[in-house]
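Data block below; observations after.
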Amino acid sequence: MTATVAQYPLASKVNDAFMPLSAVDIRSERIALVLDMDECLVHTKIKSNKANKYRQDEARPETSEEYPECFEVVMEDGEKVVVNKRPGLDAFLKKASQHFDVYVFTAGLEMYGRPILEALDPSKSLFKGHFFRTSCTLKSGFFMKDLRSVRTDLSKVVLVDNNPVSFLPQPSNGIPVPSFYDDIHDKTLDSLTKVLMNLLNLSDVRPRLHQLFRLSDLLADHRKSLWCM
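If you count the sequence shown from 1, position 194 lands on 194 in UniProt numbering, and the numbers rise without skipping.
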């Protein structure tokens, strides 16, 4: 089972011992923060039975209670989508965009993802770019996210996702988060912000992320089995 950002007490895991000693080691380029969309930033509800056509096919619990932070978008085919925002999402995106180059990388179709992202960023000031299903790598039925689609130098690239499969191409660049299913008490974005802010002065985020989450170790067998197919 993969540990997630919400399970880490930041004070004991991140400290000054891991900060670079000299500004010579710090690159001027901002970190590229790559965010998953579904069950990471938002949880969507599509009434028709075509939901898995638009987004990644996976088991999702159905919730009947009304959720306070929501909006609705209409896709180009007329399908309506109710979008529930993870608690603190607007504040998180605003702060993240001030310190990082923020991208969204989703396994959903563009016709589904784009209207949601445009509603989240109407001023087009938060996101540097969007990547949809056509940018994913499909292997053995899994959609994986090759971060070289975003930036070729991966030393300052971070992927935040709730699906461990997404990390398989570059596990040392990943921050796993728990899936969001309309929990109004969810505090994940607060924990995530603390982790991200501790990455800002690093010339290479991968050693720190490996130390925190060890995804390359946890996913080693899965990577081996997929790449041998």
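Cβ atoms here follow ideal geometry from the backbone N, Cα and C, with glycine treated the same way. Bear in mind that the values here come from a model prediction, so they are computed numbers and not experimental data.
Excluding sequence positions up to five before and after residue 143, its CB lies within less than 8 Å of the CB of 56, 107, 133, 136, 137, 165 and 166, all in the same chain and listed in chain order. Rounded to the nearest whole angstrom, the C-alpha separation of residue 119 and residue 194 is 26 Å. Runs of the alpha helix (DSSP H) lying entirely within the segment 107-189 and spanning at least 4 residues, in chain order: 110-120.
From the listed residues 81, 156 and 90, the smallest Cα separation to residue 174 is found for 156. Bridge pairing for residue 217: absent [DSSP]. Residue 103 is bridged by DSSP to 34 and 129. Apart from sequence neighbours up to five positions away, the residues of its chain that approach residue 197 with a beta-carbon distance below 8 Å are 99, ordered along the chain.
When secondary structure is reduced to three states using DSSP, residue 73 falls in the strand class. Within the DSSP bridge table, the entry for residue 42 names 38 and 85 as partners. Using a Cβ distance threshold of 8 Å, residue 47 and residue 80 count as a contacting pair.
Note on geometry: alpha-carbon atoms of residue 4 and residue 178 lie some 6 Å from one another. The C-alpha of residue 31 lies about 7 Å from the C-alpha of residue 200. With a cutoff of 8 Å on beta-carbon distance, residue 85 and residue 69 are scored as near each other. A direct Cα-Cα distance of roughly 11 Å separates residue 95 from residue 189.
According to the DSSP secondary-structure assignment, residue 80 is paired through a beta bridge with 74. In chain order, 84 and 182 place their CB closer than 6 Å to the CB of residue 67, counting only its own chain and leaving out the 5 sequence neighbours on each side. Within a 10 Å sphere around the beta-carbon of residue 170 sit 16 or more other beta-carbons, which makes this residue buried. Note that the C-beta distance between residue 104 and residue 127 is below 8 Å. Taking the Cα of residue 140 as reference, the smallest distance to any Cα among 54, 223 and 35 is reached at 223.
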